[in-house]
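**Student:** Numbering (this note's numbering), first residue to last: 754 to 852.
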């Protein structure tokens, strides 16, 4: 089973999401959403090919029960989470900033 790597950009996305939700006085939602995101990333380690291709070597996987999507790549021994983005964000135009 591959390991899991969170890029600096993905960790920054998680931190920004956490701060946003807490500022909205949505602490219970923050805990649930961050937990769902982490569970989705763990699932990718078990089934790295489940996401749909969005670029040459980048896949997208929606996080269940949330409006977020994980952008990731499969490396020889790891799954690397590149970004954690809201599904309504126009992330398709940000391919150059995925890493």
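For each residue, glycine too, the CB sits at the ideal point set by N, CA and C.
Quick check: the Cα distance between residue 823 and residue 835, rounded to an integer number of angstroms?
**Tutor:** Taking the straight line from one Cα to the other gives about 7 Å.
**Student:** What does the Cβ neighbour count give for residue 766, buried or exposed, with the cut at 16 atoms within 10 Å?
**Tutor:** By the neighbour-count rule (16 or more Cβ atoms within 10 Å), residue 766 is buried.
**Student:** Looking at the unbroken beta strand (DSSP E) that takes in residue 827, where does it start and where does it end?
**Tutor:** Residue 827 -> beta strand (DSSP E) spans 821-827.
**Student:** Roughly how far, in whole angstroms, is the beta-carbon of residue 821 from the beta-carbon of residue 838, given that I think they are within contact range, below 8 Å?
**Tutor:** 7 Å
**Student:** Below 8 Å between beta carbons: does that hold for residue 829 and residue 801?
**Tutor:** no
**Student:** Buried or exposed for residue 748, please, with buried defined as at least 16 other CB atoms from any protein chain shown within 10 angstroms of its CB.
**Tutor:** In the structure as shown, the chain starts at 754 and stops at 852, and residue 748 therefore has no counterpart that could be examined.
**Student:** Counting only the same chain and skipping the five closest in sequence on each side, list residues whose C-beta sits under 8 Å from that of residue 841.
**Tutor:** 820
**Student:** Roughly how many angstroms lie between the CA atoms of residue 760 and residue 774, to the nearest whole one?
**Tutor:** 21 Å
**Student:** Do you know how far the Cα of residue 790 is from the Cα of residue 797?
**Tutor:** 11 Å
**Student:** In its own chain, which residues sit with a C-beta less than 7 Å from the C-beta of residue 818, not counting the 5 before and 5 after it?
**Tutor:** Result list for residue 818: 789, in chain order.
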